[in-house]
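Numbering (my numbering), first residue to last: 9 to 170. Note that CB positions come from ideal geometry on N, CA and C, so glycine has one too. Quick caveat, the model's predicted, so the values are computed rather than measured. Encoded as structure tokens, the structure appears first; notes follow it.
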Ligand code: FES
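Right, here's the structure in full:
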């Protein structure tokens, strides 16, 4: 279900923590990168590796917006609409993203390129409004900056129909 390379990486990561269960989130992130999302099989494998029940892994996943139980687009755009970002235009920014991409919260464009999600605080409040695209942060955003970013990402994908 996971590659041998990832399996070896799991073995290494677990040794870095005094408690095995502390390695849970890193293991889930690496597995998600390889599999595309956190499948039931990933949950079972991670639970086995860190000696917890699968339900405990599921509970952790439900807390972290960067972990996905379903496949998402190649570029997963997460717009923070929590208080600091909200006060600096995050709701309008999220609406702008919806219009630009033609999708809503937790939806994916038909070509699978972009997913969009409204999320809680990303921990980048001093750069509000902020959003995260995969592992990259973007701060002090405006609709124009968002347009430029999305257009840039599209350019990397010549077959995009958006
Ligand atoms: S409130 Fe948006 S990053 Fe903290």
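Item, Value
"Looking at the strands, I want to know which residues DSSP matches up with residue 139.", "87, 146"
"Would residue 88 be called buried (16 or more neighbouring beta carbons within 10 Å of its own) or exposed?", "buried"
"Quick one: residues in its chain with C-beta nearer than 8 Å to the C-beta of residue 10, no 5 flanking neighbours on either side, listed in chain order?", "18, 39, 42, 43, 50, 53"
"Compute the minimum distance between the beta carbon of residue 91 and the heavy atoms of ligand 1, and state whether it is under 8 Å.", "yes"
"Let me check one thing: in DSSP terms, what residues is residue 125 bridge-paired to?", "86"
"From the DSSP output, in three-state form, read off residue 117 for me.", "coil"
"Can you tell me whether residue 15 is buried or exposed, with buried defined as 16 or more other CB within 10 angstroms of its CB?", "exposed"
"Can you list, in chain order, the residues of its chain with a C-beta nearer than 7 Å to that of residue 165? Leave out the 5 residues immediately preceding and following it.", "121"
"Hey, could you find the ends of the alpha helix (DSSP H) residue 72 is sitting in?", "Segment: none, residue 72 is in no alpha helix (DSSP H) and carries neither H nor E."
"Under 8 Å, with one C-beta from each stretch per pair, do the segment 111 to 118 and the segment 149 to 157 reach the 3-pair mark?", "no"
"Kindly indicate which three-state DSSP category residue 132 falls into: helix, strand or coil?", "coil"
"Apart from the five residues on each side of it in sequence, which residues of its chain come closer than 7 Å, Cβ to Cβ, to residue 104?", "151, 154"
"Which same chain residues end up closer than 8 Å to residue 141 when comparing Cβ atoms and leaving out the 5 residues on each side of it in sequence?", "83, 84, 85, 86, 157, 161"
"Are the CB atoms of residue 70 and residue 129 nearer to each other than 9 Å?", "no"
"With H, G and I counted as helix, E and B as strand and the rest as coil, what does DSSP make of residue 19?", "helix"
"According to DSSP, simplified to helix, strand and coil, what is residue 26?", "coil"
"Taking residue 73 as the reference, give the member of 143, 123, 127 with the closest Cα.", "127"
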